[in-house]
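Residue 83 in the UniProt record's numbering is what sits at position 83 of the sequence shown, and the numbering runs on without skipping anything.
For each residue, glycine too, the CB sits at the ideal point set by N, CA and C.
One structure is given here, and the rest of the page talks about it.
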Amino acid sequence: MTYEDLLIYAQNKGLKIKERKLKFNLKGLYKNNKILINSDINTDTERKCILIEEIGHHETSYGNIIDYNNLNSKKQELRARRWANEKIITLNDLICAYNYGVKNKYELSEFLAVTEDFLDDTINNYKKKYGIYCKLNSYLIYFEPNLGILKLMT
Numbered sequence: 001m002t003y004e005d006l007l008i009y010a011q012n013k014g015l016k017i018k019e020r021k022l023k024f025n026l027k028g029l030y031k032n033n034k035i036l037i038n039s040d041i042n043t044d045t046e047r048k049c050i051l052i053e054e055i056g057h058h059e060t061s062y063g064n065i066i067d068y069n070n071l072n073s074k075k076q077e078l079r080a081r082r083w084a085n086e087k088i089i090t091l092n093d094l095i096c097a098y099n100y101g102v103k104n105k106y107e108l109s110e111f112l113a114v115t116e117d118f119l120d121d122t123i124n125n126y127k128k129k130y131g132i133y134c135k136l137n138s139y140l141i142y143f144e145p146n147l148g149i150l151k152l153m154t
């Protein structure tokens, strides 16, 4: 899914998206069906990662969660991030990249059109969700010690 695809997805959800300079080093902000993306971000890849997380807030959060010292705010932030991770990078996407011949984290982030930080967050999310590995169809996907995929003989 490209940044442009996400814009259409968000608009179909009734969200309004604007790009403008944001204060306090914020990259994105969601409030009342409006998403602001910091206009200082210069790649569509990073914009895409920020936009999907802000859509995640629309899908999973409520109220003001800007105070990260508040436990409820932290939980909602993590919920939105997990939603975004799983929306953009599915386990099948990881298998597809393996079958395509992707060999390292840089190639994988390029193949999936996400930032390396977003990829790391996603892998950590899956590790928390599934543990060290998970089985999907005829594949084992390892999350520790590094991401690895093994095709099982059937």
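Quiz item: Which runs of the beta strand (DSSP E) spanning at least 3 residues fall entirely within the stretch 68–149, listed in chain order?
Solution: Complete beta strand (DSSP E) runs here, min 3: 133–136, 139–142.
Quiz item: Given a threshold of 16 other Cβ atoms within 10 Å of its Cβ, counted over all protein chains shown, does Cys96 qualify as buried or as exposed?
Solution: Here the question's residue 96 lines up with position 96 in the sequence shown. Under this definition Cys96 is an exposed residue.
Exercise. Name the residue from Glu86, Leu150, Glu144 whose alpha carbon lies nearest to the alpha carbon of Asn99.
Key: The sequence position of residue 99 within the sequence shown is 99, counting from 1. Considering only alpha carbons, the answer is Leu150.
Quiz item: So Ile141 and Leu112 are in contact, right, with Cβ under 8 Å, and what is the actual spacing, rounded?
Solution: In the sequence shown, counting from the first residue as 1, residue 141 sits at position 141. In the sequence shown, counting from the first residue as 1, residue 112 sits at position 112. About 14 Å separates the two Cβ atoms, so there is no contact after all.
Self-check item: Thr122 burial status per 10 Å Cβ neighbour count (16 or more: buried)
Solution: Here residue 122 refers to the residue found at position 122 of the sequence shown. Result: buried.
Practice problem: Tell me, please, whether the stretch 71–80 touches the stretch 100–111 by the rule of three or more beta-carbon pairs shorter than 8 Å. | Solution: The stretch 71–80 makes no contact with the stretch 100–111; the number of CB pairs closer than 8 Å stays below 3.
Practice problem: Spatial neighbours of Ile50 within its chain, please: CB distance less than 8 Å, with the 5 preceding and 5 following residues excluded, ordered by chain position. | Solution: As a working mapping, residue 50 is identified with position 50 in the sequence shown. If you ignore the 5 residues before and after Ile50, its C-beta comes within less than 8 Å of the C-beta of Lys27, Gly28, Ile37, Asn38, Ile41, all in its own chain and listed in chain order.
Exercise. Within 10 angstroms of the Cβ of Ile8, are there 16 or more other Cβ atoms? Answer buried if so, exposed if not.
Key: Residue mapping note: residue 8 aligns to position 8 of the sequence shown, counting from 1. By the beta-carbon neighbour count (other beta carbons within 10 angstroms, threshold 16), Ile8 is exposed.
Quiz item: Any idea if Ser138 is buried or exposed, counting beta-carbon neighbours within 10 angstroms, 16 or more meaning buried?
Solution: In the sequence shown, counting from the first residue as 1, residue 138 sits at position 138. When all chains shown are included, Ser138 counts as exposed.
Exercise. In angstroms with no decimal places, state the Cα-to-Cα distance between Asn32 and Arg20.
Key: Position 32 of the sequence shown holds residue 32. Position 20 of the sequence shown holds residue 20. Each residue's alpha carbon lies about 17 Å from the other.
Quiz prompt | Spatial distance of Asp5 from Thr43 (CA atoms) | solution = In the sequence shown, counting from the first residue as 1, residue 5 sits at position 5. In the sequence shown, counting from the first residue as 1, residue 43 sits at position 43. In a straight line, the C-alpha of Asp5 is about 15 Å away from that of Thr43.
Quiz item: How would you write the range of the beta strand (DSSP E) that Lys34 sits in, first residue to last?
Solution: For the purposes of this step, residue 34 is identified with residue 34 of the sequence shown, where counting begins at 1. Note, Lys34: beta strand (DSSP E), 34–38.
Quiz item: Can you name, in chain order, every residue of its own chain whose Cβ lies under 8 Å from the Cβ of Asn92, other than the five neighbours on each side?
Solution: Start at 1 with the first residue of the sequence shown, and residue 92 comes out as number 92. Closer than 8 Å at the Cβ level, and outside the excluded window around Asn92, lie Leu136.
Self-check item: Identity of the residue in Leu152, Lys16, Phe24 nearest Tyr30 by Cα
Solution: Here residue 30 refers to the residue found at position 30 of the sequence shown. If we check each option's Cα against that of Tyr30, Lys16 comes out closest.
Quiz item: In whole angstroms, what separates the C-alpha of Gly14 from that of Gly56?
Solution: Translated into the one-based positions of the sequence shown, residue 14 becomes position 14. Translated into the one-based positions of the sequence shown, residue 56 becomes position 56. Gly56 has its alpha-carbon roughly 14 Å from the corresponding atom of Gly14.
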